[in-house]
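Here is the structure we will look at, set down as structure tokens.
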Amino acid sequence: MEIIDSVYKPREDSFLLKKELIKYIQKNNPKSVLDMGTGSGIQAITTKEADIDKVVASDINPEAIKCAKINSKNLDISFIQSDLFSNIYEKFDLIVFNTPYLPPEPPLDPQWSGGKVFIKKFLSEAKKYLNPKGKILFVHSSESPISVKHKILAQEKMSNGEVLYISLR
Ligand SMILES: C[S@@+](CC[C@H](N)C(=O)[O-])C[C@H]1O[C@@H](n2cnc3c(N)ncnc32)[C@H](O)[C@@H]1O
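Per the working numbering, residue 62 is the first one in the sequence shown, and the count goes up by one each step.
Have a look at this one:
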């Protein structure tokens with residue numbers, strides 16, 4: 062997988078989400094998936110390789126869109142540069158997002174910084190882009206506890222004590 066400098070390199074959170082995404086797809090067979098904040102494209106590529114019909118990948122960072130396009134090779138994925146849902150005009154069975162879950166402390170970098178305020182905004186906007194019975198699969202962290210209702214599917218403690226959660230809503 063190629064990574065451009067300003068693009069998030071897949072790491073523990075990416076791999077933990079990927080594992081839960083595969084399980085979710087096998088169990089629920091969604092027909093359409095939006096990978097928000099695609100970065101390298103890891104979650105969108107995983108989804109398309111699981112034979113999902115419609116896969117859209119979006120990111121605020123144009124370099125991420127470039128990078129994910131390269132990594133997706135000839136897979137049929139649509140790419141859209143978008144600040145959250147600003148350029149998204151359809152609905153999905155599943156929206157997946159490895160969020161920038163760390164608290165917004167300087168130096169601010171959209172790869173990492175957002176935390177609970179950002180996640181709350183994302184979850185509240187995402188509702189409008191879901192088909193009936195559609196779900197949101199997302200990453201959050203003990204570093205910025207969220208107050209919205211969610212079901213934790215997996216969690217992992219990092220070496221620094223931080224706990225990462227993969228949740229469904
Ligand atoms: C933690 S990285 C996850 C990258 C990749 N999905 C993964 O699992 O490795 C968060 C991604 O969200 C993107 N992002 C941050 N703020 C965003 C926003 N407002 N709208 C869309 N994408 C955003 C970042 O550019 C970054 O690629």
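We put the beta carbon where it would ideally sit given N, CA and C, even for glycine.
Assignment of alpha helix (DSSP H) within the segment 118 to 198, counting only whole runs of 4 or more residues, yields 123 to 132 and 176 to 187 in chain order.
The criterion of a C-beta distance shorter than 9 Å is not satisfied by Glu-217 and Glu-204. Here the alpha carbons of Val-178 and Phe-153 stand approximately 23 Å from one another.
Proximity of the beta carbon of Leu-78 to ligand 1 is indicated: a heavy atom of the ligand is located closer than 8 Å. A residue is called buried once 16 or more other Cβ atoms fall within 10 Å of its Cβ, and Ser-208, having fewer, is exposed. When secondary structure is reduced to three states using DSSP, Lys-80 falls in the helix class.
The beta carbon of Glu-73 is closer than 8 Å to those of Glu-217, Met-219 and Leu-225 in its chain, skipping five residues each way along the sequence. In this structure, ligand 1 has no non-hydrogen atom nearer than 8 Å to the beta-carbon of Pro-206.
Exposure of Phe-76 is indicated by the presence of fewer than 16 other C-beta atoms within 10 angstroms of its C-beta.
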